[in-house]
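Below: the structure, in structure tokens.
Number of protein chains: 2
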Amino acid sequence: MARERIRRAPVMADVAQRAGVSHQTVSRVLNGHLNVRESTRAKVLAAIDELSYRRNSTARALATRRTRVLGVIAFDTTLYGPASTLFGIEQAARAAGYFVSIASLKAITERSVGQALDHLAEQSVDGLIVIAPQRAAVAALASLPAEQPVVVVEGGEAPGRAVVCVDQQAGASAVTRHLLELGHETVVHVAGPPDWLEAQARQAAWQATLVEAGAPVPPVLTGDWSPRSGYLAGQQLATRDDVTAVFVANDQMALGLLRAFQEAGIEVPGRISVAGFDDIPEAAYFYPPLTTVRQDFAEVGRRSIALLLDQLATGEPTTDRVVAPAHLVVRASTAAPPTS
Amino acid sequence: MARERIRRAPVMADVAQRAGVSHQTVSRVLNGHLNVRESTRAKVLAAIDELSYRRNSTARALATRRTRVLGVIAFDTTLYGPASTLFGIEQAARAAGYFVSIASLKAITERSVGQALDHLAEQSVDGLIVIAPQRAAVAALASLPAEQPVVVVEGGEAPGRAVVCVDQQAGASAVTRHLLELGHETVVHVAGPPDWLEAQARQAAWQATLVEAGAPVPPVLTGDWSPRSGYLAGQQLATRDDVTAVFVANDQMALGLLRAFQEAGIEVPGRISVAGFDDIPEAAYFYPPLTTVRQDFAEVGRRSIALLLDQLATGEPTTDRVVAPAHLVVRASTAAPPTS
DNA sequence: ACTGCTATTGTTAGCGCTAACAACGCGGCT
DNA sequence: AGCCGCGTTGTTAGCGCTAACAATAGCAGT
Numbered sequence: 092m093a094r095e096r097i098r099r100a101p102v103m104a105d106v107a108q109r110a111g112v113s114h115q116t117v118s119r120v121l122n123g124h125l126n127v128r129e130s131t132r133a134k135v136l137a138a139i140d141e142l143s144y145r146r147n148s149t150a151r152a153l154a155t156r157r158t159r160v161l162g163v164i165a166f167d168t169t170l171y172g173p174a175s176t177l178f179g180i181e182q183a184a185r186a187a188g189y190f191v192s193i194a195s196l197k198a199i200t201e202r203s204v205g206q207a208l209d210h211l212a213e214q215s216v217d218g219l220i221v222i223a224p225q226r227a228a229v230a231a232l233a234s235l236p237a238e239q240p241v242v243v244v245e246g247g248e249a250p251g252r253a254v255v256c257v258d259q260q261a262g263a264s265a266v267t268r269h270l271l272e273l274g275h276e277t278v279v280h281v282a283g284p285p286d287w288l289e290a291q292a293r294q295a296a297w298q299a300t301l302v303e304a305g306a307p308v309p310p311v312l313t314g315d316w317s318p319r320s321g322y323l324a325g326q327q328l329a330t331r332d333d334v335t336a337v338f339v340a341n342d343q344m345a346l347g348l349l350r351a352f353q354e355a356g357i358e359v360p361g362r363i364s365v366a367g368f369d370d371i372p373e374a375a376y377f378y379p380p381l382t383t384v385r386q387d388f389a390e391v392g393r394r395s396i397a398l399l400l401d402q403l404a405t406g407e408p409t410t411d412r413v414v415a416p417a418h419l420v421v422r423a424s425t426a427a428p429p430t431s
Numbered sequence: 092m093a094r095e096r097i098r099r100a101p102v103m104a105d106v107a108q109r110a111g112v113s114h115q116t117v118s119r120v121l122n123g124h125l126n127v128r129e130s131t132r133a134k135v136l137a138a139i140d141e142l143s144y145r146r147n148s149t150a151r152a153l154a155t156r157r158t159r160v161l162g163v164i165a166f167d168t169t170l171y172g173p174a175s176t177l178f179g180i181e182q183a184a185r186a187a188g189y190f191v192s193i194a195s196l197k198a199i200t201e202r203s204v205g206q207a208l209d210h211l212a213e214q215s216v217d218g219l220i221v222i223a224p225q226r227a228a229v230a231a232l233a234s235l236p237a238e239q240p241v242v243v244v245e246g247g248e249a250p251g252r253a254v255v256c257v258d259q260q261a262g263a264s265a266v267t268r269h270l271l272e273l274g275h276e277t278v279v280h281v282a283g284p285p286d287w288l289e290a291q292a293r294q295a296a297w298q299a300t301l302v303e304a305g306a307p308v309p310p311v312l313t314g315d316w317s318p319r320s321g322y323l324a325g326q327q328l329a330t331r332d333d334v335t336a337v338f339v340a341n342d343q344m345a346l347g348l349l350r351a352f353q354e355a356g357i358e359v360p361g362r363i364s365v366a367g368f369d370d371i372p373e374a375a376y377f378y379p380p381l382t383t384v385r386q387d388f389a390e391v392g393r394r395s396i397a398l399l400l401d402q403l404a405t406g407e408p409t410t411d412r413v414v415a416p417a418h419l420v421v422r423a424s425t426a427a428p429p430t431s
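Quick mapping for you: the protein sequence lines, in order, are chains A and B. With this note's numbering applied, the first sequence corresponds to residues 92 to 431, in that order. With this note's numbering applied, the second sequence corresponds to residues 92 to 431, in that order.
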């Protein structure tokens, strides 16, 4: 029997032949079917091992009509938040035996999101996770068929879709309350871009907390998440002498703010307290170390995958809304207001 | 003719029937074959459009034995550098019509890299990009078959593999030279973890530049990339009064250093100049704005994909070594030494 | 001994596509 | 007229796997 061992990966039939069974029995062993005699299973496993056989996932996908690939659409994955979320998602998916195919976007427009959706659809992904921090991204989801399993991360209100997000509300409230409890009369807010859902949520929670505490609601400054925009906001605030506490919508902008204050000779937290949001790794080493809010991105990843796999298992799209925790991290950039 | 329009995605045969041709002709049109009459092509395209037909990539992959999926193994994608590289890779791959499947690692060990390789192999990726900034990652590649198309990013010496990396040498030399030219007698180096190839390359270039300039080579301090380790290094340096210039191996550590100096009352750049490496978005807003080295990560991504696709096209693994540019960004943290 | 069941294994037919080959029609050539 | 060659299209056979069904053996119950 001329054995053709010519650089061709072994297939199921090779294993079957070697184990002296049919290829279907090999398949059964591989899929953990019951009703395979223990001795047969052992023979098959031995043959698999000897041949270093690996099941061809493409053929499997064709036969089962499931690819075990999850598609992830992400935006600006060079930022700490999205990158961390993506990381959490990938870890959870791999642990569950799924593959992760990504499509990252330079900018969020309905068109770019649509193209990314197309790209992943072409790969026939089993499920979809869309990190959709902006209105436009959520809007682009409307074109998806209703039965498409999908989880929207940070999607605010995504009608009819499962959503996972960080508890922005709790985080922003906690910072604001923290500042008020230190004795500040009110807290100024430097918000993120208005079309970002996270920016909206943080601003809304800040405002609600002030109102609830009976504190005046000062006008909002708006940035674009960048240190530069925080710097500009800081320059503006530096000219005013009624400001004692600022809640900045993310740490990068807070950094810019700190720098503007430093240049203006404003002591932090001596004269003005500053708090951020995100707890990027650098935040603890700002000058001064930044009080901020830490988000549990790993949890976001895990919950997203869990929700998606749940949909795949039941075959029913869900509309659950899951919230991952966020908590205040107090450092040296916040203190009681100056006793003037 | 009872048309069964029952929630089943159309397949090639449906298109063929509608266009009045054989499914093979549809395939030919889709694959851009020559020798299809223009009128036939038009009919087919019309039918595709009417049915919103999408080719099933799984079946295609099974028939062609190519999945059009590229696997990427990445480490610590929450850091700015790796995240940017990954982003560049994904953009380039998608533009070339390839899918990107990722496996990110918490830690680099031969085992974790091996598992990630397994995971991607199971998906039968056509090619592999390994972002391997550490010795161990490169070592783990030894288990790959020699004919596996693979590109190693930041892989230092990866024998027999194609490598793409940033020109660490040029970047580190430029910073060091910059500091010497400002009049500093020598430059102290705070290095990254010794098992990181980038850390090694930066340190080696720093040392070579000093030697070349006839400057003394002071002992090296070592950190772990984190702001905290930079802070500790800064505290040590603060106790010495012979230091006038420090080249820190990345921006995050430089941030820690700046903070330590600030606490110690050391003026930057008045008494000590500090330079970093990476040009993270925050760097321009440190206090003072950081002189650093910017790396062209997008270019790294593009070149990696180009190199990989080249291997796939020729069927021959290459051992090219491609270097992406890095250039000095001078900001306010470096100046002439104090005139004592 | 015969029936009926269960546990185990084998056989067959696709999944939706591409590759290789076969077939066909048509104009130009001898 | 008959043949060749070319451009175009159809037919057939897999790619490697799983699902559904068929077949077999072994055993208990009557």
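Ideal placement from N, C-alpha and C gives every residue a C-beta, glycine not left out.
Counting only runs of 3+ residues fully inside the stretch 334–381 of chain B, write out the beta strand (DSSP E) ranges in chain order.
With a minimum length of 3 residues, the continuous beta strand (DSSP E) runs that stay inside the stretch 334–381 of chain B are 336–339, 364–366.
With 8 Å as the threshold, decide whether the Cβ of Q353(A) is near any Cβ in chain B.
With 8 Å as the cut-off, Q353(A) counts as an interface residue toward chain B.
Measuring only between beta-carbons, confirm whether L398(A) sits less than 8 Å from chain B.
It does not; no Cβ of chain B falls within 8 Å.
Per the DSSP calculation, L435(A) is bridged to which residue(s)?
Residue 435(A) lies beyond the range of chain A shown here (92 to 431); nothing can be said about it.
Please classify R385(A): does DSSP put it in a helix, a strand, or coil?
Three-state DSSP puts R385(A) in a strand.
Could you give the DSSP three-state label for T200(A): helix, strand or coil?
Here T200(A) sits in coil by DSSP.
Using DSSP with H/G/I as helix, E/B as strand and the rest coil, what is L312(B)?
The answer is strand: DSSP assigns L312(B) an E or B state.
Note down, in chain order, all residues in the stretch 176–197 of chain B with a beta-carbon under 8 Å from any beta-carbon belonging to chain A.
The residues in question are L177, F178, E181, Q182, R185, F190, V191, S192, I193, A194, S195, K197.
Determine whether the beta carbon atoms of A351(B) and Y378(B) lie at a separation below 8 Å.
Cβ atoms of A351(B) and Y378(B): not closer than 8 Å.
Just the C-alpha distance for A261(A) and A296(A), rounded to the nearest angstrom, thanks.
Straight-line Cα distance between these residues: approximately 8 Å.
With three or more beta-carbon pairs closer than 8 Å as the criterion, would you say the stretch 184–194 of chain B touches the stretch 154–161 of chain B?
Because the criterion of three Cβ pairs below 8 Å is met, the stretch 184–194 of chain B and the stretch 154–161 of chain B touch.
In terms of alpha-carbon separation, which member of G356(B), A374(B), V413(B) lies closest to R331(B)?
It is G356(B) whose Cα lies nearest to the Cα of R331(B).
Taking Cβ positions, are A263(A) and V244(A) nearer each other than 8 Å?
Not closer than 8 Å, so no.
Pick from T409(A), L153(A), S320(A): whose alpha carbon is nearest that of N341(A)?
Taking only the C-alpha atoms, the option nearest N341(A) is S320(A).
For H280(A), write down the residues that DSSP places opposite it in a beta bridge.
In DSSP, H280(A) forms a bridge with F338(A).
State the Cα-Cα distance for the pair D209(B) and N147(A), rounded to the nearest angstrom.
Distance between the alpha carbons of D209(B) and N147(A) is about 13 Å.
Look at the Cβ atom of A138(A), then the Cβ atom of R109(A), and state whether they are nearer than 8 Å.
Closer than 8 Å, so yes.
Restricting to Cα atoms, I'd like to know which of P408(A), G367(A), V135(A) is closest to Q386(A).
The candidate whose alpha carbon is nearest that of Q386(A) is G367(A).
Are the stretch 199–219 of chain A and the stretch 205–220 of chain B touching by the rule of at least three beta carbon pairs closer than 8 Å?
Touching, no.
When DSSP labels each residue in this structure, what does R80(A) get in the three-state scheme?
In this structure chain A extends from 92 to 431, so residue 80(A) is not present and cannot be described.
Would V120(B) pass as a contact of V102(B) if the rule is Cβ separation under 8 Å?
Not closer than 8 Å, so no.
Let me know the secondary structure DSSP gives H275(B) once reduced to three states.
Of the three classes helix, strand and coil, the one that applies to H275(B) here is coil, per DSSP.
So which residues on chain B does H210(A) lean against when the C-beta distance must stay under 7 Å?
By Cβ distance, chain B contributes R185.
Strictly below 7 Å CB to CB, what residues from chain A border N122(B)?
What N122(B) touches in chain A: nothing, since even the nearest Cβ is about 15 Å away.
8 Å is my cut-off, CB to CB: does Q327(A) come that close to chain B?
It does not; no Cβ of chain B falls within 8 Å.
Looking at the C-beta of P101(A), does it have a partner C-beta in chain B at a distance below 8 Å?
With 8 Å as the cut-off, P101(A) does not count as an interface residue toward chain B.
Excluding five sequence neighbours on each side, which residues of the same chain lie with their C-beta closer than 8 Å to the C-beta of V112(B)?
Here the set comprises T131, K134, V135.
Would you identify the three-state DSSP class for Q239(B), choosing helix, strand or coil?
Q239(B): coil per DSSP, three-state reduction.
Starting from the C-beta of P309(A), find all residues in its chain whose C-beta is less than 7 Å away, skip the five residues before and the five after it, and write them out in chain order.
So the qualifying residues of the chain are T277, V279.
With L232(A) as the anchor, note down where its beta strand (DSSP E) starts and where it stops.
It is not in any beta strand (DSSP E) - L232(A) carries neither H nor E in the DSSP assignment.
Go through its chain and collect everything with a Cβ distance to A374(B)'s Cβ below 6 Å, but skip five positions before and after it.
Excluding sequence neighbours, A374(B) sits near D342, L381, T383.
What separation, rounded to the nearest whole angstrom, lies between the Cα atoms of P307(B) and V359(A)?
For P307(B) and V359(A), the distance between alpha carbons rounds to 40 Å.
Taking 8 Å as the cut-off, decide whether the C-beta atoms of F166(A) and A228(A) are in contact.
Against a cut-off of 8 Å, the Cβ pair of A228(A) and F166(A) comes out as a contact.
Are the stretch 246–260 of chain A and the stretch 410–428 of chain A touching, with three or more C-beta to C-beta distances below 8 Å?
Judged by Cβ distances under 8 Å, the stretch 246–260 of chain A makes contact with the stretch 410–428 of chain A, as three or more pairs qualify.
When you compare only the Cα positions, how much space is there between A404(A) and R185(A)?
Each residue's Cα considered, the two are about 17 Å apart.
Between the stretch 338–367 of chain B and chain A, which residues of the former have a C-beta closer than 8 Å to a C-beta of the latter?
Cβ contacts with chain A come from Q343, L346, G347, L349, R350, Q353.
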